[in-house]
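Asker: If you're matching positions, the sequence shown starts at 903 in the numbering used here and goes up one per residue. We put the beta carbon where it would ideally sit given N, CA and C, even for glycine. Fair warning: this is a prediction, and the values are worked out from it, not measured in the lab. One structure follows; several queries about it will come next.
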Amino acid sequence: MTCETRTTCPYCGVGCGVIASIDDTGTVSVRGDPEHPANFGRLCSKGSALAETLDEDGRALFPEIYGQRANWDTALDLVADRFSRTIAEHGPDSVAFYLSGQLLTEDYYVANKLMKGFIGSGNIDTNSRLCMASSVAGHRRAFGADTVPGTYEDLELADLVVLVGSNLAWCHPVLYQRLAAAKASRPAMKIVVIDPRRTATSDLADLHLSVRPDGDVALFNGLLTHLADTDRIDQGFVGRHTTGFSDALLAASRMSMADLAEATGLSGMLIRQFFWLFASTERVVTCYSQGVNQSASGSDKVNAIINCHLATGRIGRQGMGPFSLTGQPNAMGGREVGGLANMLAAHMAIEDPQHRERVQRFWASPQIAGRPGLKAVDLFDAVADGRVKALWIMSTNPVVSMPDADKVKKAIEACPFVVVSDMQTNTDTARLAHVLLPATGWGEKSGTVTNSERRISRQRPFLAAPGEARPDWWHVTEVGKRMGFANAFDFDSPAAIFAEHAALSAFENDGARDFDIGAFAAINRDQYEALVPFQWPRPLAGAAKERFFADGQFYHPDGKARFVPVQPPLLPVELAHGTFVLNTGRVRDHWHTMTRTGKSARLSAHLAEPFCEIHPLDAAMHRIRDADLVKVANDEGHFILVRALLTERQARGSIFVPMHWTDETAFPARVDTLVKPDVDPVSGQPALKQSRVSLARHATTFHAFLVAAEKPTHLPFEYWAIAKAENGYRLELAGDEPEDGFETWFSQSLGLDEDIEIVRYRDVAAGDCRILALRGSRLVAAFFASRSPVAVSRQWAVDQLLTDHADATARSRIVAGRPGAGQRDKGATVCACFSVGAKEIARAVGQGCRSVEAIGQLLSAGTNCGSCRPEIRRIIDAQALLAAE
Ligand SMILES: Nc1nc2c(c(=O)[nH]1)N[C@H]1C(S)=C(S)[C@@H](COP(=O)(O)OP(=O)(O)OC[C@H]3O[C@@H](n4cnc5c(=O)[nH]c(N)nc54)[C@H](O)[C@@H]3O)O[C@H]1N2
Ligand SMILES: Nc1nc2c(c(=O)[nH]1)N[C@H]1C(S)=C(S)[C@@H](COP(=O)(O)OP(=O)(O)OC[C@H]3O[C@@H](n4cnc5c(=O)[nH]c(N)nc54)[C@H](O)[C@@H]3O)O[C@H]1N2
Ligand code: SF4
Ligand SMILES: [Mo]
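Here's what the structure looks like:
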């Protein structure tokens, strides 16, 4: 018998509905929920691979105190006692929580309640500071509330979709698929992508603007001026429903076209084309993500965009509006409960004494934080200099994801008391915990999340909690009770927490606050279990509206929206020779610090080591060839080593390095060790995409590739990267040969015993070394080293693990690192769902498949989640070019 559970994907902010099935043998499989309004049955590669990430490998199974197993009572008593004593001695601001947009709303609600209402400090900030803070600030300045006006349907209904600093194809793949499908059915629809590099998303665009890093404010200011000059202003809307238009226009009008071209790095022709498209299309949606938010001018970028929508009255109507794409599955829910240092709860303002009084009365709390707390960067500074003496980190990995990551690591190491709630024991952050609290994760925990279009959905459990893991809300409420607040934290279920959260949203809310889900204030457990996805607002009385602001009603006291006059940042001084802008972000198949996606061999096969995208001309100037190791360094001497990936899609003068690799998965490759903690002055969000670095080819005496059924125990190399593979692990290595030689290291670190047969080959003159380990006829490890980057097909080598290699020819082929006749090299994985490689696709093109659909028919590639369709398209185009040459 198969048991099915409707739940929500735990990755990105699209918030797709998932049906998880579990059969008699306990095997889990997942598919998209056809009834969920976010995805209507679709899933991307990460969502489709969820079942592969549910193993107990590395899971935290019981509480630990100073690395020793402890029982829950002892651990919780210790946390409560240390927090209480620190507060008694040094005041409420000497403690802090650092949380995550991946917590469920119920977890988040109780943590915020404990810190702001009962401890009485605002020191609760989250990784949303690194993610959404500039959008929040921009919304609050313009609308008087943190409101996302539109819905996903607007992207499908629009005639023009502008994507600013968003790699939608990789980061919000199902929304991208909805957009691609809408464009396919209505080709007149236009798409503009504004991003310094050409991404997979750009392949769908009619116009790609390779904007200079941080040229966005200038571009949208230019657009506002153009809209005014060409009489496109909606005077009625602007006059009735907004203030500040003339100031914003004045601020925007200071640039000539030549200045604009300089500030944006774009040609006048491209700029005009974009302006014309925007001006002449009524139904426009402008989506923005981290290319906008993660910048020292992030809030201004948001307001520059919103200004153009307000000026044309294109907001809150079908197919129109500014649209902030939220990153994490519950970034929105976190904002609703007020889980940021400068927010209160239920979209109330911490600066407003009436709001504070109201929340305190509702909570019947002894106090309420009187002012905003420390924002992420300041918070870790305060940890570093000893002002914060007890820190609780929940569901985030700041040693990897915060700017100036080594400083953050040192700060945590020096903090007198650190609690970490995580699912895994060995993350770069969890390793530093004094008290580690094991958390239940996706599939085990229960609660709600809110996606980018304000839709609240349930995450439901379908697996038992492993070991003694318990949900995060329970960690918090137990500590709250032990700190003396038994009544306020006496919740027996997420349903009870959700009901209180809903009641607070409606409490003395006469429509003055956008966030109102009062219809659920009396929800009981059964109703909560049966809750179907819904969009807020949902007041107890009155209609639920689908979009905000079409009626011209905003949330500033005068009911009007504000234009915010913004100035482009000063043009950066000319980069010194050899200095590059370091742009950072995401890859298609990994999620952040890989604690979950790293468990899936399929997802790890797409891009299996940290890399750096460089324009070929920049690379040539630095004598860097494709696949060389490069050293990326900042002026403080921090550096990482990553693989060079030469591509013309990268703009000159800038390089791109993904954020995913950690000290668990590669070394040295934590890119945030290079990123300075410069922040947006309004939102406090760090500029994670515009660091200054130098670049150099890094010579090593050897490069090597290893596939092994077991994980090696020690890696004494200058550079290494490890990824999960089918039947084992795959590693890239570089540096010097270990003192005892490769063979000794190979046998010792893989724990090889006498049953193992070793096959070796060494060509000292050529610098080649190959070692195979076989148990019987099965290959358990193969090592390939040479002086230059190893030219062995990775996927082919991985496929040889644990397969039979009985005869001598088969072995000699592995030693040679080459597939034999009849065995073909698949190439790097493109389609993760069906494990189809680039070389297979290229061969299919050679056989006559000239469209993504034809490739799909022949190889199935691209027919499940569709995340790889832009890459398949690119391979077809590249082969066509080759054929034409
Ligand atoms: N596969 C995958 N998907 C994810 C995640 C993941 O880890 N993996 N994480 C989720 C989360 S939390 C988030 S926040 C989102 C992020 O989603 P996105 O914001 O789409 O992703 P990023 O890769 O961080 O950055 C987007 C783009 O901004 C561009 N950019 C850099 N500087 C500028 C600039 O000055 N101006 C403009 N216009 N663009 C610029 C970069 O080149 C990059 O292509 O993704 C979510 N989805
Ligand atoms: N250079 C650079 N840095 C960046 C970014 C960038 O673009 N460039 N992006 C920034 C952005 S937008 C974001 S959102 C952050 C993301 O960065 P992080 O939040 O640090 O990354 P994650 O890997 O998502 O960390 C989540 C942690 O929570 C654990 N976990 C998962 N589920 C649960 C649960 O239910 N309960 C508990 N207690 N733990 C759980 C996981 O094992 C993992 O350790 O990175 C930021 N840093
Ligand atoms: S788009 Fe992919 S990662 Fe995002 S919620 Fe949907 S299935 Fe999950
Ligand atoms: Mo994010």
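Quick check on DSSP: helix, strand or coil for H1110?
Answerer: In the sequence shown, the residue the question calls residue 1110 occupies position 208. In this structure, H1110 counts as strand in the three-state DSSP scheme.
Asker: Just to be sure I understand the criterion: a residue counts if its Cβ is closer than 6 angstroms to at least one heavy atom of ligand 4. Which residues meet that?
Answerer: Here the list is C1033, G1229, Q1230.
Asker: Identify every residue that forms a DSSP beta bridge with R1672.
Answerer: Against the sequence shown, residue 1672 aligns to sequence position 770. In the DSSP output, where bridge partners are listed per residue, R1672 has Y1663, F1686.
Asker: Go through its chain and collect everything with a Cβ distance to A1233's Cβ below 7 angstroms, but skip five positions before and after it.
Answerer: Position 331 of the sequence shown, counting from 1, holds the residue named residue 1233. If we look at A1233 and ignore the five residues flanking it on each side, its Cβ neighbours are G915, G1003, S1030, C1033, M1034.
Asker: Would you kindly report the start and end of the unbroken alpha helix (DSSP H) that includes D975?
Answerer: One-based indexing of the sequence shown puts residue 975 at position 73. Counting along the chain, the alpha helix (DSSP H) containing D975 begins and ends at 974-992.
Asker: Just to be sure I understand the criterion: a residue counts if its Cβ is closer than 5 angstroms to at least one heavy atom of ligand 3. Which residues meet that?
Answerer: Qualifying residues come out as C911, Y913, C914, V916, C918, L945, C946, K948, G949, P1075, V1076.
Asker: For C1073, count neighbouring C-beta atoms within 10 Å of its own C-beta (all shown protein chains included) and say buried if the count is 16 or more, exposed if not.
Answerer: For this step, residue 1073 is matched to residue 171 along the sequence shown. By the 10 Å Cβ count, C1073 comes out buried.
Asker: In chain order, which alpha helix (DSSP H) runs of at least 4 residues are fully inside the stretch 1388-1455?
Answerer: Here the runs fully enclosed are 1396-1408, 1427-1432.
Asker: Hey, quick one: how far does the alpha helix (DSSP H) through L1151 stretch, first residue to last?
Answerer: Here residue 1151 refers to the residue found at position 249 of the sequence shown. Segment 1147-1154, the alpha helix (DSSP H) holding L1151.
Asker: When the Cα atoms are used, what is the spatial distance from T1567 to S1303?
Answerer: To locate residue 1567, count along the sequence shown from 1; it is residue 665. To locate residue 1303, count along the sequence shown from 1; it is residue 401. Rounded to whole angstroms, T1567 to S1303 spans 14 angstroms at the Cα level.
Asker: If you compare alpha carbons, which of R1677, R1696, F1685 is closest to T1705?
Answerer: The residue labelled residue 1705 in the question sits at position 803 within the sequence shown. It is R1677 whose Cα lies nearest to the Cα of T1705.
Asker: By the DSSP assignment, the beta strand (DSSP E) with D1520 in it spans what residues?
Answerer: The count along the sequence shown starts at 1 and reaches residue 1520 at position 618. No beta strand (DSSP E) holds D1520; the alpha helix (DSSP H) holding it covers 1518-1523.
Asker: Can you look up C1210 in the DSSP assignment and give me helix, strand or coil?
Answerer: In the sequence shown, the residue the question calls residue 1210 occupies position 308. Helix, per DSSP.
Asker: Hey, is A1452 close to ligand 2, as in C-beta under 7 angstroms from one of its heavy atoms?
Answerer: In the sequence shown, residue 1452 corresponds to position 550, counting from 1. A1452 Cβ: outside cutoff for every heavy atom of ligand 2.
Asker: DSSP has D1709 in a bridge; who is on the other side?
Answerer: Locating residue 1709 in the sequence shown gives position 807, where the first residue counts as 1. The partner list for D1709 (beta bridge, DSSP) is empty, contrary to what the question assumes.
Asker: Classify A1090 as helix, strand or coil using the three-state DSSP reduction.
Answerer: Translated into positions along the sequence shown, residue 1090 becomes position 188. Coil at A1090, not helix or strand.
Asker: What is the DSSP secondary structure of D1283, counted as helix, strand or coil?
Answerer: As a working mapping, residue 1283 is identified with position 381 in the sequence shown. It is helical.
Asker: Given A1521, which residues of its chain have a CB within under 6 angstroms of its CB, disregarding the five upstream and five downstream residues?
Answerer: Reading the sequence shown from its first residue, position 619 is the one you call residue 1521. Cβ neighbours of A1521 beyond the five flanking positions: L1548.
Asker: Quick one, are the C-beta atoms of A1636 and A1668 less than 8 angstroms apart?
Answerer: In the sequence shown, the residue the question calls residue 1636 occupies position 734. In the sequence shown, the residue the question calls residue 1668 occupies position 766. Taking 8 angstroms as the Cβ cut-off, A1636 and A1668 do not qualify as a contacting pair.
Asker: Which full runs of the beta strand (DSSP E) of 3+ residues lie inside the stretch 1592-1643, going along the chain?
Answerer: For the stretch 1592-1643, whole beta strand (DSSP E) runs of length 3 or above, ordered along the chain, are 1593-1599, 1604-1610, 1621-1627, 1630-1637.
Asker: If you check the beta carbons only, do I1399 and Y1011 fall under 8 angstroms apart?
Answerer: Within the sequence shown, residue 1399 is the residue found at index 497, counting from 1. Within the sequence shown, residue 1011 is the residue found at index 109, counting from 1. In contact: I1399 and Y1011 (Cβ atoms closer than 8 angstroms).
Asker: Out of curiosity, what's the CA-to-CA distance linking P1089 and A1529?
Answerer: To locate residue 1089, count along the sequence shown from 1; it is residue 187. To locate residue 1529, count along the sequence shown from 1; it is residue 627. P1089 and A1529: Cα-Cα distance of roughly 39 angstroms.
Asker: Please state the DSSP three-state secondary structure of K1277.
Answerer: Position 375 of the sequence shown, counted from the start, is the residue given in the question as residue 1277. Coil at K1277, not helix or strand.
Asker: If we count Cβ pairs, one from each stretch, closer than 8 angstroms, do we get three or more for the stretch 1058-1069 versus the stretch 1180-1199?
Answerer: The stretch 1058-1069, when compared against the stretch 1180-1199, does touch it at the 8 angstroms Cβ threshold.
Asker: If we count the other Cβ atoms within 10 Å of its Cβ and call it buried at 16 or more, is W1178 buried or exposed?
Answerer: Locating residue 1178 in the sequence shown gives position 276, counting from the first residue. With fewer than 16 other Cβ atoms within 10 Å, it is exposed.
Asker: Determine the closest residue to A1206 out of R1440, L1633, V1466, V1239, with distance taken between C-alpha atoms.
Answerer: Stepping through the sequence shown from its first residue, residue 1206 is reached at position 304. Nearest of R1440, L1633, V1466, V1239 to A1206, Cα basis: V1466.
Asker: R1384 lies in the alpha helix (DSSP H); which residues open and close that run?
Answerer: For the purposes of this step, residue 1384 is identified with residue 482 of the sequence shown, where counting begins at 1. Here the alpha helix (DSSP H) through R1384 covers 1374-1384.
Asker: Following a CB-centred definition, is V1279 positioned closer than 7 angstroms to any heavy atom of ligand 2?
Answerer: Locating residue 1279 in the sequence shown gives position 377, counting from the first residue. No; taking the cut-off as 7 angstroms, the Cβ of V1279 has no heavy atom of ligand 2 nearer than that.
Asker: Check whether the Cβ of H1524 lies closer than 7 angstroms to any heavy atom of ligand 2, and answer yes or no.
Answerer: Locating residue 1524 in the sequence shown gives position 622, where the first residue counts as 1. For ligand 2, not one heavy atom lies less than 7 angstroms from the Cβ of H1524.
Asker: Q1697: beta carbon under 7 angstroms from a heavy atom of ligand 2?
Answerer: If you number the sequence shown from 1, residue 1697 lands on position 795. Not so, every heavy atom of ligand 2 lies at least 7 angstroms from the Cβ.
Asker: Is there contact between the stretch 1605-1625 and the stretch 1551-1569, where contact requires at least three CB pairs shorter than 8 angstroms?
Answerer: The answer is yes - the stretch 1551-1569 touches the stretch 1605-1625, with three or more Cβ pairs under 8 angstroms.
Asker: Three-state secondary structure (DSSP) at F1045?
Answerer: In the sequence shown, residue 1045 corresponds to position 143, counting from 1. Three-state DSSP puts F1045 in a helix.
Asker: Got a sec: does ligand 1 put a non-hydrogen atom nearer than 7 angstroms to the Cβ of S1494?
Answerer: Translated into positions along the sequence shown, residue 1494 becomes position 592. What sits at residue 1494 in the sequence shown is His, not Ser. Checking every heavy atom of ligand 1 against the Cβ of H1494, one is found closer than 7 angstroms.
Asker: Which whole runs of the alpha helix (DSSP H) in the stretch 1225-1266 are 4 residues long or more, in chain order?
Answerer: The stretch 1225-1266 contains these whole alpha helix (DSSP H) runs: 1233-1238, 1255-1265.
Asker: Cβ atoms of L1543 and H1600: under 8 angstroms apart, would you say?
Answerer: On the sequence shown, residue 1600 is found 698 positions in, with the first residue counted as 1. On the sequence shown, residue 1543 is found 641 positions in, with the first residue counted as 1. Taking 8 angstroms as the Cβ cut-off, H1600 and L1543 qualify as a contacting pair.
Asker: To test your reading of the DSSP string, which unbroken alpha helix (DSSP H) runs of 4 or more residues are found completely within the stretch 927-963?
Answerer: If we require 4 residues or more, the alpha helix (DSSP H) runs fully inside the stretch 927-963 come out as 947-950.
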